[in-house]
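Chemist: Before I ask anything, here is the structure I am working with.
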Amino acid sequence: MTTSNIIEQVITQAIENINDELRDISLKIHDNPELSNKEYDAHALLTDYLEKKGFTVSRTVAGLKTAFLAEYANSSNGRRVGFCSEYDALPGIGHGCGHNLISITGLACAIAFKALLDQNLIQGKVVLFGTPAEEETEGKVVMVNKGEFQKRVDYGLMLHPYPYDLNYCNMLALDIGIIEFFGKASHAGMKPWEGINALDAFMQGWNNMSMLRQQTLTSNRIHGIILEGGKSICTNINLQKYLKPNVIPDYVSGKFVARSLKYDQLVELKQKLENCFQSAADATGCKVKITWDKNGEVKDVFMNDTLTDIYIDYMKQENADILPRVEEEKILTGSTDFGNVTAVIPATHPQYVKIGFDIIGFGIGIDAPIHSIKFTEAARTETAHHHAIRASRCLAKAAAKVFVDDELYQQMVTDFRKGKQ
């Protein structure tokens with residue numbers, strides 16, 4: 001039996017040995033959904049488990065109280081591989097993005113690598129990054145900004161559940177902006193001419209934005225909501241009872257998301273959006289303030305060809321239904337802060353599992369899109385767990401194959417450098 005065969009068997013057995021424990025952890029996280037940066041119970045559950053398994057755990061990372069690092073090494077000179085777990089939920093619907101599954105796929109891969117290190121089949125280090133607040137596009141952005149990924153590992157991998165297996169679909173660059181208009185209040189019946197209407201300015205900016213869609217790239221995405229649309233001036237009373245239209249609004253705010261296929265396109269789109277709202281302010285006499293996310297943009301995901309193709313080969317061995325790459329690359333999906341990780345180290349982010357609704361991910365077998373109640377329900381099923389474990393085996397094997405093969409490792413690095421050009 002070859003060393004490669006032994007490594008694959010050890011990975012399979014290591015994950016099988018903890019299968020029931022992973023299922024229990026997944027259900028506990030699923031049944032106790034916690035919002036971004038408030039994942040205290042999930043954080044404690046995961047870090048306690050990793051410490052019991054022999055990892056060195058740091059329970060606060062980059063100033064994020066619910067981030068963690070779990071590290072294990074048998075050498076200070078070998079290669080270093082990283083995996084990610086996510087565990088925050090969505091408001092109102094819980095784990096409609098399947099982060100309970102993402103949490104255990106990271107655990108499975110890290111523990112499989114620990115088994116390889118314990119048996120001296122490889123020399124080096126494995127790191128599991130506990131990354132909070134993905135739904136707020138925050139955790140990994142902050143951690144990358146602080147250098148946590150690039151100083152600790154040489155390459156990184158993670159998985160995401162979806163209605164079906166996708167690997168080379170497009171995950172978009174993103175930024176979130178708060179738009180505020182400041183006008184002047186006046187009685188709308190007696191002296192409207194003395195007012196400066198912040199709501200008019202906002203709506204004009206909104207219309208400008210809507211017209212921009214006709215002239216922007218078809219891969220760009222612009223969407224938003226009104227946060228505050230104006231109110232009567234009153235003090236020491238319940239404001240909700242006085243949301244009347246008899247006062248010219250002096251303050252209106254909204255929240256917008258801009259997305260693009262590539263980061264440089266996002267920078268251009270943001271400038272055009274700023275022009276839309278600035279021109280509305282100029283036309284109405286209002287002041288406008290545009291505040292983009294303090295942590296910076298979410299980058300588009302750059303999938304490393306070497307890592308991804310090896311993962312796909314292993315998934316095909318497990319009878320996964322994989323679309324041709326040319327078809328996958330036509331698909332536009334959402335965004336993830338893992339894009340920022342792919343900008344600083346070689347990395348891959350496959351989406352796995354056939355859940356019935358044809359979109360992306362390691363499919364989990366239901367006819368429902370992510371961020372829906374049906375997907376929340378599906379993420380708790382035995383079928384979803386089965387697919388998560390299957391994808392974990394394949395991802396860990398792909399990571400190990402690159403870890404031990406100098407030629408593949410260099411090919412992975414070359415792919416990354418080409419993407420940076």
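Counting with full-length UniProt numbering, you get residues 1 to 421 for the letters of the sequence shown. Here a beta-carbon is modelled for each residue, glycine too, at the ideal position from N, C-alpha and C.
(1) I need the DSSP call for Gln351, collapsed to helix, strand or coil.
(2) Looking at the structure shown, is Phe55 part of a helix, part of a strand, or coil, going by DSSP?
(3) Assign Met303 to one of two classes, buried (16 or more other C-beta atoms within 10 Å of its C-beta) or exposed (fewer than that).
(4) Would you mind giving the Cβ-Cβ distance between Asp175 and Val298, rounded to the nearest angstrom? I have them listed as a contact below 8 Å.
(5) Name the two residues that bound the continuous beta strand (DSSP E) containing Phe83.
(6) Which same chain residues end up closer than 8 Å to Asn17 when comparing Cβ atoms and leaving out the 5 residues on each side of it in sequence?
(7) Is it the case that the Cβ atoms of Gly106 and Phe83 are separated by a distance below 7 Å?
(8) Helix, strand or coil for Cys234, going by three-state DSSP, please let me know.
(9) Count the CB pairs spanning the segment 35-46 and the segment 114-134 that are closer than 8 Å, and state whether there are at least three.
(10) Use the C-beta contact count for Ala283: other C-beta atoms within 10 angstroms, 16 or more gives buried, fewer gives exposed.
(11) Indicate whether Ala173 and Tyr263 have their beta-carbon atoms separated by less than 7 Å.
(12) Tell me which same chain residues have a C-beta within less than 7 Å of the C-beta of Asn197, skipping the five on either side of it?
(13) Going by beta carbon distance, what residues of the same chain come within less than 7 Å of Leu408, once the five residues before and after it are set aside?
(14) Are Asn220 and Ser260 closer than 7 Å when you measure CB to CB?
(15) The beta strand (DSSP E) that contains Lys255, what's its start and end?
(16) Counting pairs of beta carbons, one from the segment 73-80 and one from the segment 342-354, are three or more of them closer than 8 Å?
(17) Could you give the C-beta distance for His349 and His95, rounded to a whole number, given that I count them as a contact under 8 Å?
(18) Rounded C-beta distance between Val144 and Val344? I'm assuming under 8 Å.
(19) Is Val126 closer than 7 Å to Arg152 when the C-beta atoms are compared?
(20) Measure the CB-CB distance between Asn167 and Leu332 and report whether it falls below 7 Å.
(21) Out of Ala258, Ala185 and Leu199, state which residue places its alpha-carbon closest to the alpha-carbon of Tyr218.
(22) Should residue 424 go down as buried or exposed, given a rule of 16 or more other Cβ atoms within 10 Å for buried?
(23) Looking only at C-alpha atoms, which of Met190, Lys294 and Phe256 sits nearest to Pro245?
(24) From Ala42 to Gln265, what does the alpha carbon distance come to, in whole angstroms?
(25) Give the range of the alpha helix (DSSP H) segment to which Ala399 is assigned.
(26) Check Gly285 in the structure and name its three-state DSSP category.
(27) With H, G and I counted as helix, E and B as strand and the rest as coil, what does DSSP make of Gly419?
(28) Can you tell me the Cβ-Cβ gap for Gly113 and Ala396, rounded? I've got them flagged as a contact below 8 Å.
(29) Closest by CA to His30, which one among His386, Ala378, His387 and Asp415?
(30) Determine the closest residue to Asn319 out of His387, Gln278 and Val341, with distance taken between C-alpha atoms.
(31) Taking the CB atoms as reference points, tell me whether Cys286 and Phe181 lie closer together than 7 Å.
(32) I'd like to know whether the C-beta atoms of Ala110 and Gly205 end up nearer to each other than 7 Å.
(33) Run through DSSP, which three-state label would Lys184 get?
(34) Does Asp406 pass the burial test, meaning 16 or more other C-beta atoms within 10 Å, or should it be called exposed?
(35) Is Asn19 helix, strand or coil when you go by DSSP?
(36) Trp193 to His187, Cα distance in whole Å?
Modeler: According to the structure data:
(1) One-based indexing of the sequence shown puts residue 351 at position 351. Here Gln351 carries a strand assignment [DSSP, helix/strand/coil].
(2) As a working note, residue 55 is residue 55 in the sequence shown. Reduced to three states, the DSSP call for Phe55 is coil.
(3) As a first step, residue 303 is located in the sequence shown; it is residue number 303 there, counting from the start. With 16 or more Cβ atoms within 10 Å of its Cβ, Met303 is classed as buried.
(4) Residue 175 sits at position 175 when you count from the first residue of the sequence shown. Residue 298 sits at position 298 when you count from the first residue of the sequence shown. Rounded, the Cβ-Cβ distance is 7 Å, consistent with contact.
(5) Taking the sequence shown and counting its residues from 1, one reaches residue 83 at position 83. Under the DSSP assignment, Phe83 falls in the beta strand (DSSP E) whose first and last residues are Arg79 to Ser85.
(6) In the sequence shown, the residue the question calls residue 17 occupies position 17. Once the five neighbours on either side are set aside, Asn17 has no close Cβ partner at all.
(7) Within the sequence shown, residue 106 is the residue found at index 106, counting from 1. Within the sequence shown, residue 83 is the residue found at index 83, counting from 1. Their beta carbons are under 7 Å apart, which means Gly106 touches Phe83 by this criterion.
(8) If you number the sequence shown from 1, residue 234 lands on position 234. With a pLDDT of only 47 at Cys234, under 50, the local geometry of the prediction cannot be trusted, and the value read off the model is given with reservation. The answer is coil: DSSP assigns Cys234 none of H, G, I, E or B.
(9) Result yes; three or more Cβ-Cβ pairs closer than 8 Å.
(10) Residue mapping note: residue 283 aligns to position 283 of the sequence shown, counting from 1. Label assigned to Ala283: exposed.
(11) The count along the sequence shown starts at 1 and reaches residue 173 at position 173. The count along the sequence shown starts at 1 and reaches residue 263 at position 263. Yes.
(12) For this step, residue 197 is matched to residue 197 along the sequence shown. Residues of the same chain with a CB within less than 7 Å of the CB of Asn197, apart from the 5 flanking positions on each side, are Gly183, Ile248, Pro249 and Thr284 in chain order.
(13) Locating residue 408 in the sequence shown gives position 408, counting from the first residue. Sequence-distant Cβ neighbours of Leu408 in its own chain, meaning closer than 7 Å and more than five residues away, are Thr306, Lys401 and Val402.
(14) What you label residue 220 is simply residue 220 of the sequence shown in a count that begins at 1. What you label residue 260 is simply residue 260 of the sequence shown in a count that begins at 1. In contact: Asn220 and Ser260 (Cβ atoms closer than 7 Å).
(15) On the sequence shown, residue 255 is found 255 positions in, with the first residue counted as 1. Per DSSP, the unbroken beta strand (DSSP E) holding Lys255 starts and ends at Tyr251 to Ser260.
(16) Contact fails: fewer than three Cβ-Cβ distances are below 8 Å.
(17) One-based indexing of the sequence shown puts residue 349 at position 349. One-based indexing of the sequence shown puts residue 95 at position 95. That belief does not hold up - the Cβ atoms of His349 and His95 are roughly 18 Å apart, past 8 Å.
(18) Against the sequence shown, residue 144 aligns to sequence position 144. Against the sequence shown, residue 344 aligns to sequence position 344. About 6 Å separates the CB atoms of Val144 and Val344; that is less than 8 Å, so the two are in contact.
(19) Taking the sequence shown and counting its residues from 1, one reaches residue 152 at position 152. Taking the sequence shown and counting its residues from 1, one reaches residue 126 at position 126. For Arg152 and Val126, no; Cβs fall outside 7 Å.
(20) Here residue 167 is taken as the residue at index 167 of the sequence shown, counted from 1. Here residue 332 is taken as the residue at index 332 of the sequence shown, counted from 1. Result no, Cβ atoms of Asn167 and Leu332 do not sit closer than 7 Å.
(21) In the sequence shown, counting from the first residue as 1, residue 218 sits at position 218. Rather than Tyr, the amino acid found at residue 218 in this sequence is Thr. Taking only the C-alpha atoms, the option nearest Thr218 is Ala258.
(22) Nothing about residue 424 can be read from this structure; the chain reaches only from 1 to 421.
(23) Here residue 245 refers to the residue found at position 245 of the sequence shown. Cα-wise, what sits closest to Pro245 is Met190.
(24) Reading the sequence shown from its first residue, position 42 is the one you call residue 42. Reading the sequence shown from its first residue, position 265 is the one you call residue 265. So the two alpha carbons sit approximately 36 Å from each other.
(25) On the sequence shown, position 399 is the one that residue 399 refers to. That run of the alpha helix (DSSP H) goes Glu382 to Val404.
(26) Translated into the one-based positions of the sequence shown, residue 285 becomes position 285. Correct three-state label for Gly285: coil.
(27) Residue mapping note: residue 419 aligns to position 419 of the sequence shown, counting from 1. The answer is helix: DSSP assigns Gly419 an H, G or I state.
(28) As a first step, residue 113 is located in the sequence shown; it is residue number 113 there, counting from the start. As a first step, residue 396 is located in the sequence shown; it is residue number 396 there, counting from the start. This sequence places Phe at residue 113; Gly is not what is there. That belief holds up - the Cβ atoms of Phe113 and Ala396 are roughly 7 Å apart, short of 8 Å.
(29) Working through the sequence shown from its first residue, we reach residue 30 at position 30. Taking the Cα of His30 as reference, the smallest distance to any Cα among His386, Ala378, His387 and Asp415 is reached at Ala378.
(30) Residue mapping note: residue 319 aligns to position 319 of the sequence shown, counting from 1. Shortest Cα-Cα distance from Asn319 to any of His387, Gln278 and Val341 involves His387.
(31) Taking the sequence shown and counting its residues from 1, one reaches residue 286 at position 286. Taking the sequence shown and counting its residues from 1, one reaches residue 181 at position 181. For Cys286 and Phe181, yes; Cβs fall inside 7 Å.
(32) If you number the sequence shown from 1, residue 110 lands on position 110. If you number the sequence shown from 1, residue 205 lands on position 205. No, they are not a contact pair.
(33) Indexing the sequence shown from 1 puts residue 184 at position 184. Here Lys184 sits in strand by DSSP.
(34) Looking up residue 406 in the sequence shown gives position 406. Classification for Asp406: exposed.
(35) Within the sequence shown, residue 19 is the residue found at index 19, counting from 1. Helix, per DSSP.
(36) One-based indexing of the sequence shown puts residue 193 at position 193. One-based indexing of the sequence shown puts residue 187 at position 187. Looking at the backbone, the Cα of Trp193 and that of His187 are separated by about 9 Å.
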